[in-house]
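Accompanying notes for the structure given below.
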Amino acid sequence: MLTSRSEALLAQLDVLTEAGHLRRLSGTFARFIGTLGQDTAPLLAACVLLAELEGRGHSCMKLDDLSGAVSTQLGWQPDLWRGLRDSVAGWPQDGAGWRKLLAASEQVWAVGDLDFDQPLVLDGERLYLRRYWRDEKLVALAVRQRALGELLAGDASADIAGIRRWLDLLFPHASRGGGPDWQKIACAVAVRGKLGIITGGPGTGKTYTVARLLALLFASAGNGRDNLRVALAAPTGKAAARLKQSIDTALEELDQKVGAELPLRELAGRMGAARTLHSLLGARPDTRAFRHHAGNQLEVDVLIVDEASMIHLEMMAALLAALPPQATLILLGDKDQLASVEAGAVLGDLCFDAEAGGYHAETLSYVRDASGISIPDEYAGQAGPIAQQTVMLRESRRFGGPIGALALAVNRGDGAATVQVLRQPSDGKLAWTDPALPADALQLALAGRDGAPGGYSRYLQLLRAGAPEGEGAAYLDWVKTLIVAFERFRILCAVRDGEWGVQGLNEAIEQRLQSAGLLRRYGEWYAGRPVMVTRNDYATGVFNGDIGLTLPDPLRPGAMRVYFSDGDAVRSVLATRLRNVETAFAMTVHKSQGSEFEHTVLVLPRESNGTLARELVYTGITRAREYFTLLTPNQQVLLDAIAQRTQRASGLRALLTV
Numbered sequence: 001m002l003t004s005r006s007e008a009l010l011a012q013l014d015v016l017t018e019a020g021h022l023r024r025l026s027g028t029f030a031r032f033i034g035t036l037g038q039d040t041a042p043l044l045a046a047c048v049l050l051a052e053l054e055g056r057g058h059s060c061m062k063l064d065d066l067s068g069a070v071s072t073q074l075g076w077q078p079d080l081w082r083g084l085r086d087s088v089a090g091w092p093q094d095g096a097g098w099r100k101l102l103a104a105s106e107q108v109w110a111v112g113d114l115d116f117d118q119p120l121v122l123d124g125e126r127l128y129l130r131r132y133w134r135d136e137k138l139v140a141l142a143v144r145q146r147a148l149g150e151l152l153a154g155d156a157s158a159d160i161a162g163i164r165r166w167l168d169l170l171f172p173h174a175s176r177g178g179g180p181d182w183q184k185i186a187c188a189v190a191v192r193g194k195l196g197i198i199t200g201g202p203g204t205g206k207t208y209t210v211a212r213l214l215a216l217l218f219a220s221a222g223n224g225r226d227n228l229r230v231a232l233a234a235p236t237g238k239a240a241a242r243l244k245q246s247i248d249t250a251l252e253e254l255d256q257k258v259g260a261e262l263p264l265r266e267l268a269g270r271m272g273a274a275r276t277l278h279s280l281l282g283a284r285p286d287t288r289a290f291r292h293h294a295g296n297q298l299e300v301d302v303l304i305v306d307e308a309s310m311i312h313l314e315m316m317a318a319l320l321a322a323l324p325p326q327a328t329l330i331l332l333g334d335k336d337q338l339a340s341v342e343a344g345a346v347l348g349d350l351c352f353d354a355e356a357g358g359y360h361a362e363t364l365s366y367v368r369d370a371s372g373i374s375i376p377d378e379y380a381g382q383a384g385p386i387a388q389q390t391v392m393l394r395e396s397r398r399f400g401g402p403i404g405a406l407a408l409a410v411n412r413g414d415g416a417a418t419v420q421v422l423r424q425p426s427d428g429k430l431a432w433t434d435p436a437l438p439a440d441a442l443q444l445a446l447a448g449r450d451g452a453p454g455g456y457s458r459y460l461q462l463l464r465a466g467a468p469e470g471e472g473a474a475y476l477d478w479v480k481t482l483i484v485a486f487e488r489f490r491i492l493c494a495v496r497d498g499e500w501g502v503q504g505l506n507e508a509i510e511q512r513l514q515s516a517g518l519l520r521r522y523g524e525w526y527a528g529r530p531v532m533v534t535r536n537d538y539a540t541g542v543f544n545g546d547i548g549l550t551l552p553d554p555l556r557p558g559a560m561r562v563y564f565s566d567g568d569a570v571r572s573v574l575a576t577r578l579r580n581v582e583t584a585f586a587m588t589v590h591k592s593q594g595s596e597f598e599h600t601v602l603v604l605p606r607e608s609n610g611t612l613a614r615e616l617v618y619t620g621i622t623r624a625r626e627y628f629t630l631l632t633p634n635q636q637v638l639l640d641a642i643a644q645r646t647q648r649a650s651g652l653r654a655l656l657t658v
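Residue 1 is where the sequence shown starts when you use the UniProt record's numbering, and the numbers rise one by one after that.
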């Protein structure tokens, strides 16, 4: 039964929820814990804060942070935090006090004591919801086992010699920057064991590298290459399609170099399409469980996963459980991008110190023998086992010029250099405005800006010109043309609410395009409406983050279908079957991961409230292929975001180093 103090606290939490400071789920969880048995107001406060942090991407809560750091993580103003603390009698003064209080609760399992399946887990100085504690343990154990598994040794001369021969063939030219060829090194390291992690910024050639790694794996399989089962996957459908397309293109080029000794084109043809992780694991409606798991593992020998920074903790745990121990796992991603929307920062934890290398003498010797490259002494060290199977690509072969310089300045946290790059002449590649109103964003949405094409008028003009008659190949080709035209440009927002957020801008853009005569909105579903799926829908085969265009159904007059790009093909769903979608002229930076646009516009709000960080700005910039425009009504918001790094509470990094 709840005490009067706990009831008072829960009433205050309801007020905070109505004011938008807490999710309704967080207060509900605290109330649920309070109904399970004897409670205290501090315990319920810890529960609501833990649940709220989980909703913001943290997998746990550090007890020491309850002294005040939690308020920063939540983006709360100091008076809001003080109001909560002052209302809770018996609030412990430090981490030791919190540990004593929590360990005494019947709803908390302190690791090392008897386990009665309590919903909360106290592990050292961290408090967890049980499933995130379990997922962290599973991920750490599985990754360490793979990294510590059987590796090619320096005395395995036959294997090393074969790898060296193929790597010299696949990488015939020296690095353009004059330093070590990290792409070649990455292939040597990844083929060494059952785990390979390749990280790097845009243009560093992650998929270029993994295509050559695939060729190396096929070659190393010898007579078993015809039976080598390779699967490609990514968190989103668009990222999966890009991965497959990039690898197919690279393997076709390599096929001409390696000749008949290794029929790459034929081998690539048997790989099949890249899939979303949900599809790969066999997601099932109305359950978090997958068809493939530890008791029914995937039938693969090599699994390549792109955009690994987007993979949240629970998904990574499910993936590792479903992967046979003898299979090779290759993770690709940019560790400096935004972490997953859901709890965890798995790739960031795995690649925490990738810049330093930290390679053991055995690793350095192996790389020298297998690739002919000596890694500089500055990258030697005594880092953990994960680092020995991790390579950071350091030379951008495509993403240079003003946009590249801007991304590097942001990633370094150098606000002054960022402003300097933005103000330098860039032949139209960069633009920076600080408007008082979002009018500039609306003009960009209509027709781009001087020196940079863009806007949505191009695809809408094609739409107004009309579709070819019939429902055959000509109609589908027209649909593809529209999708390609739409995907050239995108407005990305840092926040969802307000006039500078996704919701406000989508409504304003829609009205502007309609007033320009480019749209005819006559209901929820209208021709030309871009939509983003906001929730996985296994019945229709669409997933969170998928983006499609609403177009007339050629077979049913008056009906609308939403068409989604699926590699070189398109697939469609009747519009009325899609229940969880939102208009997508503007989208959040988070949802843009895995995508690139010829012209990208990043919109920052008037105030950040401490919630924006460097990774968000960096990710927004690196979505731009050719042109980038920054809109912000307040320059200080940009500088504050660059100065702040995202720090997600997690115990995974510590588990990986023990």
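In this text, a Cβ means the ideal position worked out from N, Cα and C, and glycines have one as well.
Cβ atoms of residue 642 and residue 418 come within 8 Å of each other, at about 6 Å.
Nearest to residue 604 by C-alpha distance, out of 566, 547, 549, 499, is 499. Assignment of residue 316 by DSSP, reduced to helix, strand and coil, places it in the helix class.
Ranked by Cα distance from residue 210, the first of 227, 574, 226, 233 is 233. Residue environment for residue 599: buried (at least 16 other C-beta atoms within 10 angstroms of its C-beta).
Taken through DSSP and simplified to helix, strand or coil, residue 383 comes out as coil.
DSSP assignment within the region 319-383 yields the following whole beta strand (DSSP E) runs of 3 residues or more, N-terminal first: 328-333. Around residue 492, the same chain offers 586, 587, 588, 589, 592, 600, 601, 602, 603, 620, 623 as residues with beta carbons nearer than 8 Å, after the five sequence neighbours per side are excluded. Short of 8 Å from the beta carbon of residue 406, and not among the five residues preceding or following it, lie these beta carbons of its own chain, in chain order: 418, 421, 422, 430, 621, 628. Excluding sequence positions up to five before and after residue 344, its CB lies within less than 6 Å of the CB of 59, 312, 313, all in the same chain and listed in chain order. Residue 36 is not a Cβ neighbour of residue 10, given a cutoff of 9 Å. Excluding the 5 residues flanking it on each side, residue 299 has same chain C-beta neighbours closer than 7 Å at 229, in chain order. Apart from sequence neighbours up to five positions away, the residues of its chain that approach residue 454 with a beta-carbon distance below 6 Å are 448, 489, 599, ordered along the chain.
Separation of residue 573 and residue 540 (C-alpha to C-alpha, rounded to the nearest whole angstrom) is 7 Å.
Residue nearest to residue 654 within the set 25, 353, 391 is 353 (criterion: CA-CA distance).
For residue 385, the closest alpha carbon among the candidates 73, 215, 656 is that of 656. Scanning its chain for C-beta atoms nearer than 7 Å, with the 5 sequence neighbours on each side dropped, one finds around residue 481 the residues 462, in chain order.
Contact between residue 262 and residue 218 holds, with the beta-carbon distance rounding to 6 Å and staying under 8 Å. In the DSSP assignment, residue 182 falls within the alpha helix (DSSP H) that extends over 182-190.
DSSP places residue 88 outside both helix and strand once states are collapsed to three, so it counts as coil.
Under the three-state reduction of DSSP output, residue 294 falls in the coil class, being neither helix nor strand.
Exclusion of the five residues before and after residue 98 leaves 63, 66, 92 as the residues of its chain whose Cβ lies within less than 6 Å of its Cβ. Beyond the five residues adjoining it in sequence on each side, residue 323 comes within less than 7 Å, by CB distance, of 297, 298, 303, 329 in the same chain, given in chain order.
Cβ-Cβ distances below 7 Å link residue 548 to 531, 562, 563, 564 in the same chain, with the five nearest sequence neighbours on each side left out; the list follows chain order. Apart from the 5 residues on each side of it in sequence, residue 317 sits with its Cβ closer than 7 Å to the Cβ of 135, 138, 139 in its chain, given in chain order. Listed in chain order, the non-local C-beta contacts of residue 525 below 7 Å within the same chain comprise 550, 560, 575, local neighbours out to five positions each way being set aside.
Less than 9 Å divides the Cβ of residue 379 from the Cβ of residue 358. In the structure shown, the three-state DSSP call for residue 554 is coil. Among the bridge pairs identified by DSSP, residue 493 is matched with 588, 603.
Residue 383 and residue 389 have their C-alpha atoms some 11 Å from each other. Taken through DSSP and simplified to helix, strand or coil, residue 526 comes out as coil.
Relative to the Cα of residue 89, the nearest Cα in the group 71, 42, 109 belongs to 42. According to the DSSP assignment, residue 199 belongs to the beta strand (DSSP E) that extends over 195-200. DSSP, reduced to helix, strand and coil, places residue 579 outside both helices and strands of the structure shown, so it counts as coil. Rounded to whole angstroms, the gap between the alpha carbons of residue 552 and residue 450 is 33 Å.
The alpha carbon of residue 355 has as its nearest neighbour, out of 182, 374, 164, the alpha carbon of 182.
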